[in-house]
Amino acid sequence: VRIEVDKKFFKDSNFVAESEDYQGRIVEGISTEILDKGLLSRDDSLVPWIEKSERAKRIFLDKVGKIVIRYVNEISSQEYGSSYYSLDLNGRDLIFETRISTYSYSDGWGEKLDEALDLNVLDELTVKEVEKEIKEIEYKIQHQIQNPNLIIDVDWAFVDTENFKKQSAPQRRSIVEGLKHILDRGFFCQDESLVPWLNKTIR
11 VRIEVDKKFF KDSNFVAESE DYQGRIVEGI STEILDKGLL SRDDSLVPWI EKSERAKRIF
71 LDKVGKIVIR YVNEISSQEY GSSYYSLDLN GRDLIFETRI STYSYSDGWG EKLDEALDLN
131 VLDELTVKEV EKEIKEIEYK IQHQIQNPNL IIDVDWAFVD TENFKKQSAP QRRSIVEGLK
191 HILDRGFFCQ DESLVPWLNK TIR
């Protein structure tokens with residue numbers, strides 16, 4: 011992925027009229043503030059965010075070929091971003107726009123692009139966590155009913171549905187984590203749960 015700086019703003023009469031020291035700080039801010047916070051140094055920066063998921067990295071590289079950094083007098087769109095900046099996908103160009111007065115507030119690219127690019131990194135991590143816990147439940151059932159062939163298979167197709175995706179991140183996590191509680195109640199925690207019920211008789 012290439013990174014390109016749109017230099018048009020640096021020819022703006024208002025910018026040219028500023029002192030060389032001020033101009034230098036603004037130019038330097040592209041690397042020390044925008045790219046560092048947006049791409050690298052925070053937990054919600056883009057690179058650490060997609061590093062959590064090989065699938066998310068593949069999606070990002072498939073959809074984005076170039077990152078364009080652009081200073082503007084007024085942000086043209088804020089569909090993705092914050093009140094301080096915008097992120098917009100134009101073809102395979104990811105365009106970042108910010109005002110000079112707010113360029114230091116450039117963090118959060120990972121979380122913002124998660125929605126824009128349909129990466130769903132946190133959902134994937136939650137599914138992996140719950141899958142491990144379901145495997146533990148599976149082993150517990152196999153041991154208690156003495157049947158090593160019993161397998162628990164979850165159909166995760168629901169996490170790709172629009173109905174699921176429109177929920178808030180905490181709600182989505184709660185829905186996925188709810189599966190282990192369903193299994194626990196269904197198999198173990200009450201007298202009428204499956205394992206205690208089966209253990210009432212050898213037959």
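Under the numbering used here, residue 213 is the last one in the sequence shown; the count climbs by one each step, no gaps.
Virtual Cβ for every residue (Gly too), placed ideally from N, Cα, C.
In terms of Cβ geometry, SER41 and LEU49 do not form a close pair [threshold 8 Å].
Residue state for LYS76 is assigned as strand, using DSSP reduced to three classes. Assignment of ARG52 by DSSP, reduced to helix, strand and coil, places it in the coil class.
For SER96, the beta-bridge partners assigned by DSSP are GLY91 and GLU107. Taking a cut-off of 8 Å for Cβ pairs, the region 145–156 and the region 67–85 do not touch, as fewer than three such pairs fall below it. Judged by DSSP secondary structure, ILE147 falls within the alpha helix (DSSP H) whose first and last residues are 131–154.
Non-local beta-carbon contacts of ASP22 in its own chain, meaning distances under 8 Å to residues more than five positions away in sequence, involve ASN83 in chain order. Contact annotation: ILE44 and SER111 have beta-carbon atoms that are not nearer than 8 Å. Contact check for LYS122 and GLY91: beta-carbon distance about 6 Å, within the 8 Å limit, so the pair qualifies. For ARG182, the uninterrupted alpha helix (DSSP H) segment begins and ends at 179–197.
A contact between stretches requires three or more CB pairs, one per stretch, nearer than 8 Å, and the region 130–141 meets this requirement with the region 158–174.
Per DSSP, reduced to three states, the secondary structure at VAL15 is strand. TYR113 sits in coil when the DSSP states are folded into three classes, being neither helix nor strand. In summary, PHE20 is exposed, with fewer than 16 beta-carbon neighbours lying within 10 Å of its beta-carbon over all protein chains present. Counting along the chain, the unbroken alpha helix (DSSP H) around PHE25 starts and ends at 23–26.
Counted as a single uninterrupted DSSP element, the alpha helix (DSSP H) harbouring ILE36 occupies residues 30–39. Per DSSP, PHE174 is one residue of the alpha helix (DSSP H) stretching across 172–175.
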